[in-house]
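Here my numbering is used: the first residue of the sequence shown is 27, the next is one more, and so on. Just below is one structure, and these are the notes that go with it.
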Amino acid sequence: MSLKRITFFLVLFLFTLMSYSQTTHSHTVQPGETLTSISSKYNVTIDALRKANNITGDKVLAGQQLQVPSATSAPP
């Protein structure tokens, strides 16, 4: 395999890794917040929040850490 090809795949891998690391971030639930208010704040669907955090209902607790997918990585 040529050095050019190895370099290409390495750069491609690094860009993929960088874009993946930017697809989610963490949110700490504040008193009074709901899945609806959090989804509106980050422009993601409630279902995307549920899926990212393995939540089956609507209940979240103050202090709970949620992974929030970016609006572009959230399922339609």
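All residues carry an ideal CB built from backbone N, CA and C; glycine is no exception.
(message) Whole angstroms are fine: how far does the CA of R76 sit from the CA of E59?
(response) Here residue 59 is taken as the residue at index 33 of the sequence shown, counted from 1. Here residue 76 is taken as the residue at index 50 of the sequence shown, counted from 1. Answer to the nearest angstrom: the Cα atoms are 15 Å apart.
(message) I'd like the list of long-range same chain contacts for Q26, defined as Cβ closer than 7 Å, with 5 residues on each side in sequence excluded.
(response) Since the displayed the chain opens at 27 and closes at 102, residue 26 lies outside it and no answer follows.
(message) Tell me whether H51, by its Cβ, gets closer than 7 Å to a heavy atom of the ligand GTP.
(response) Summarising the ligand content, the structure contains no ligands, and the ligand GTP is consequently not present.
(message) Spatial neighbours of Q93 within its chain, please: C-beta separation below 7 Å, excluding the five flanking residues on both sides.
(response) Sequence index remark: in the sequence shown, residue 93 carries index 67 (1-based). Apart from the 5 residues on each side of it in sequence, Q93 sits with its Cβ closer than 7 Å to the Cβ of T50, S52, A78, N79 in its chain, given in chain order.
(request) Taking N69 and A97 to be in contact with their CB atoms under 8 Å, please state how far apart those CB atoms are, rounded to whole angstroms. (result) For this step, residue 69 is matched to residue 43 along the sequence shown. For this step, residue 97 is matched to residue 71 along the sequence shown. The beta carbons of N69 and A97 sit about 4 Å from each other, so the pair counts as a contact at 8 Å.
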